[in-house]
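Undergrad:
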Amino acid sequence: MADTKSSATDVVTAADRASEQWLREQLAAARPDDAVLGEEYGAEGAAGASGLTWVVDPVDGTVNYLYGLPAWGVSVACVVGDPRTPGAWRTVAGAVGAPVWGELFHAGLGQGAVLQGPDGRERSLAVTSLEDPGRALVGTGFGYDAGRRREQGRVAAALLPQVRDLRRMGSAALDLCCVAAGRLDAYYEKGTQVWDHAAGVLVVSEAGGVVGGLGGAPLGDPVVVAGGPSVGSWLHDELVRLEA
Numbered sequence: 287m288a289d290t291k292s293s294a295t296d297v298v299t300a301a302d303r304a305s306e307q308w309l310r311e312q313l314a315a316a317r318p319d320d321a322v323l324g325e326e327y328g329a330e331g332a333a334g335a336s337g338l339t340w341v342v343d344p345v346d347g348t349v350n351y352l353y354g355l356p357a358w359g360v361s362v363a364c365v366v367g368d369p370r371t372p373g374a375w376r377t378v379a380g381a382v383g384a385p386v387w388g389e390l391f392h393a394g395l396g397q398g399a400v401l402q403g404p405d406g407r408e409r410s411l412a413v414t415s416l417e418d419p420g421r422a423l424v425g426t427g428f429g430y431d432a433g434r435r436r437e438q439g440r441v442a443a444a445l446l447p448q449v450r451d452l453r454r455m456g457s458a459a460l461d462l463c464c465v466a467a468g469r470l471d472a473y474y475e476k477g478t479q480v481w482d483h484a485a486g487v488l489v490v491s492e493a494g495g496v497v498g499g500l501g502g503a504p505l506g507d508p509v510v511v512a513g514g515p516s517v518g519s520w521l522h523d524e525l526v527r528l529e530a
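Going by my numbering, the first residue of the sequence shown is number 287, and it counts up by one from there.
(1) Over the uninterrupted beta strand (DSSP E) stretch that includes residue 361, give me the two end residues.
(2) Which residues bound the beta strand (DSSP E) around residue 482?
(3) So who's on the other strand from residue 375, going by DSSP bridges?
(4) Any heavy atom of the ligand NAD closer than 6 Å to the beta-carbon of residue 507?
(5) According to DSSP, which residues form a beta bridge with residue 391?
(6) Can you find at least 3 beta carbon pairs, one from the stretch 472-488 and one from the stretch 371-382, that sit closer than 8 Å?
(7) When the distance is taken between beta carbons, is residue 506 closer than 7 Å to residue 413?
(8) If you reduce the DSSP assignment to three classes, tell me which class residue 344 lands in.
(9) Express the C-alpha separation of residue 434 and residue 447 in angstroms, rounding to a whole number.
(10) Rounded to the nearest angstrom, how far is the Cβ of residue 524 from that of residue 445, given a contact under 8 Å?
(11) Which runs of the alpha helix (DSSP H) at least 4 residues long sit entirely within the stretch 401-474? Give them in chain order.
(12) Buried or exposed: where does residue 495 fall if 16 or more other Cβ atoms within 10 Å of its Cβ makes it buried?
(13) Which residue from 337, 334, 303 and 417 puts its Cα closest to that of residue 324?
(14) Any contact between the stretch 338-350 and the stretch 449-461? By contact I mean 3 or more CB pairs, one from each, below 8 Å.
(15) Please classify residue 512: does DSSP put it in a helix, a strand, or coil?
(16) Go to residue 321, then tell me how far its beta strand (DSSP E) extends in each direction, as first and last residue.
(17) Contact between the stretch 298-315 and the stretch 420-434 is defined here as three or more beta-carbon pairs at a separation below 8 Å; is this criterion met?
(18) Reducing DSSP to helix, strand and coil, say where residue 328 ends up.
(19) In chain order, what residues of the same chain have a beta carbon less than 6 Å from the beta carbon of residue 386, not counting five sequence neighbours either side?
(20) Could you compute how far the alpha carbon of residue 512 sits from the alpha carbon of residue 372?
(21) In the DSSP assignment, the beta strand (DSSP E) including residue 501 goes from what residue to what residue?
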């Protein structure tokens with residue numbers, strides 16, 4: 287069963303709410319002095335006294351989950367600072383689980399990024415070293431508001447002739463992890479929320495990628511762009527030129 291949030295296309299399921307409630311219970315038991323910020327229940331619950339906040343998205347890619355598509359994940363990040371204010375926080379640990387894929391992406395600040403596969407084995411992650419944007423596979427996403435979608439369509443149309451292709455997976459957290467794993471050369475999206483990208487941006491940076499906002503703006507205010515050093519930098523500059 288699904289309800290809607292910001293628009294008729296922005297859905298939330300019972301699984302979103304149940305998953306977040308379970309995560310909150312586990313975090314409260316293990317880290318009682320930390321705060322929690324979640325997509326479904328906001329900052330409800332413990333205010334926290336440690337200076338650390340756990341930012342959770344219980345089902346990132348809810349529409350995929352609802353339709354039985356495999357690209358959805360669970361994103362959990364531990365941040366220092368206030369995640370409700372762009373630029374006022376940084377991620378120190380993050381994990382994104384992809385249950386259908388049987389994969390877990392995780393990273394710690396200064397400790398590298400790792401992928402645990404379906405067989406339980408772990409391998410270090412590294413972004414691609416591609417330098418030619420014309421050969422780049424670029425991920426993106428679209429918002430729920432019709433006006434925002436029209437603008438995002440304009441930007442995508444301008445980028446498409448310049449790259450190998452665009453991919454719209456439907457989960458910002460998994461898009462970022464795919465950049466870290468070299469499955470995408472770069473990714474950008476306008477309008478993501480902190481719970482969408484807090485874990486994934488650390489996975490990308492610890493895999494050697496570049497990640498940030500546009501023109502020095504904070505992450506997600508309003509754009510997130512990530513990629514290997516060369517293509518990621520090119521994409522950033524092109525998005526600035528396009529006034530994305």
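We treat Cβ as the ideally placed atom computed from N, Cα and C, and that holds for glycine. Source: prediction; values computed, not measured.
TA: The structure says:
(1) Position 75 of the sequence shown, counted from the start, is the residue given in the question as residue 361. For residue 361, the enclosing beta strand (DSSP E) stretches over residues 359-367.
(2) On the sequence shown, residue 482 is found 196 positions in, with the first residue counted as 1. Careful: residue 482 lies outside any beta strand (DSSP E), inside the alpha helix (DSSP H) at 480-492.
(3) Numbered from its first residue, the sequence shown carries residue 375 at position 89. Beta-bridge pairing links residue 375 to 367.
(4) For the structure depicted, the ligand NAD is absent and the ligand set is empty, with no information on it obtainable.
(5) As a working note, residue 391 is residue 105 in the sequence shown. Bridge partners of residue 391: 382 and 401.
(6) Touching, yes.
(7) Start at 1 with the first residue of the sequence shown, and residue 413 comes out as number 127. Start at 1 with the first residue of the sequence shown, and residue 506 comes out as number 220. No, Cβ-Cβ distance for residue 413 and residue 506 is not below 7 Å.
(8) Translated into the one-based positions of the sequence shown, residue 344 becomes position 58. Looking at residue 344 - three-state DSSP - the assignment turns out to be strand.
(9) Here residue 447 refers to the residue found at position 161 when the sequence shown is read from its first residue. Here residue 434 refers to the residue found at position 148 when the sequence shown is read from its first residue. Between residue 447 and residue 434, the C-alpha separation is close to 21 Å.
(10) By one-based count along the sequence shown, residue 524 stands at place 238. By one-based count along the sequence shown, residue 445 stands at place 159. Going by Cβ atoms, the distance from residue 524 to residue 445 rounds to 7 Å, so yes, they are a contact pair.
(11) 432-445 and 458-466
(12) Indexing the sequence shown from 1 puts residue 495 at position 209. Result: buried.
(13) As a first step, residue 324 is located in the sequence shown; it is residue number 38 there, counting from the start. Of 337, 334, 303 and 417, the residue nearest in Cα terms is 303.
(14) Judged by pairs of C-beta atoms under 8 Å, the stretch 338-350 touches the stretch 449-461, as three or more such pairs exist.
(15) Taking the first residue of the sequence shown as 1, we reach residue 512 at position 226. Residue 512: strand per DSSP, three-state reduction.
(16) Taking the first residue of the sequence shown as position 1, residue 321 is located at position 35. Segment 321-324, the beta strand (DSSP E) holding residue 321.
(17) no
(18) Numbered from its first residue, the sequence shown carries residue 328 at position 42. Of the three classes helix, strand and coil, the one that applies to residue 328 here is strand, per DSSP.
(19) Position 100 of the sequence shown, counted from the start, is the residue given in the question as residue 386. Excluding positions up to five away in sequence, the list reads 356.
(20) Translated into positions along the sequence shown, residue 512 becomes position 226. Translated into positions along the sequence shown, residue 372 becomes position 86. Residue 512 and residue 372 have their alpha carbons spaced roughly 17 Å apart.
(21) As a working mapping, residue 501 is identified with position 215 in the sequence shown. Counting along the chain, residue 501 falls outside any beta strand (DSSP E), and DSSP gives it neither H nor E.
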